[in-house]
Amino acid sequence: MRDWLAPRLERLHHFLLPPICLLCGAAGAAGRDLCAGCAADLPRNSHACAICALPLSLDNRVGRCSQCCAQLPDYDRAFAPFCYRPPLDSLIRRLKFNGRLS
0 MRDWLAPRLE RLHHFLLPPI CLLCGAAGAA GRDLCAGCAA DLPRNSHACA ICALPLSLDN
60 RVGRCSQCCA QLPDYDRAFA PFCYRPPLDS LIRRLKFNGR LS
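Numbered according to numbering that gives the first Met the number 0, the sequence shown terminates at residue 101, and the numbering increases by one at each position without gaps.
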């Protein structure tokens, strides 16, 4: 019974409460609370240290930051897909301090 009920309830939920972009107020994309434009503008951490995930300068050819080159940390690898910069920092603060998920 749940196999047919869950998708219908999901569609009803999105019909009654459609996702709205948390940043600009436009319609959310792909069922998420960010529009496609704001999601594309999030600060990606595309050139980062392979060990600690700190952002690297574009001229860094080693692939590791100076701290990890000097002494490897006690962990194997960290993963940070985004940089903590606007607008992501405000989204994180809103979630952390106001409990706002949407």
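By construction, the Cβ of each residue, glycine as well, lies at the ideal position given by its N, Cα and C atoms.
| Item | Value |
| --- | --- |
| Per-residue DSSP class, three states only, for Pro6 | helix |
| Assigned exposure category for Ala47 - 16 Cβ within 10 Å defines buried | buried |
| Simplified DSSP assignment, three categories, for Phe78 | coil |
| From Cys82, Ala49 and Phe81, residue whose alpha carbon lies closest to that of Gln66 | Ala49 |
| DSSP three-state assignment for Ile50, whether helix, strand or coil | coil |
| Exposed unless 16 or more other CB atoms sit within 10 angstroms - verdict on Gly98 | exposed |
| Same chain, Cβ closer than 7 Å to Leu15, neighbours up to 5 away in sequence not counted | none |
| Buried versus exposed, by CB contacts within 10 Å (16 or more), Leu4 | exposed |
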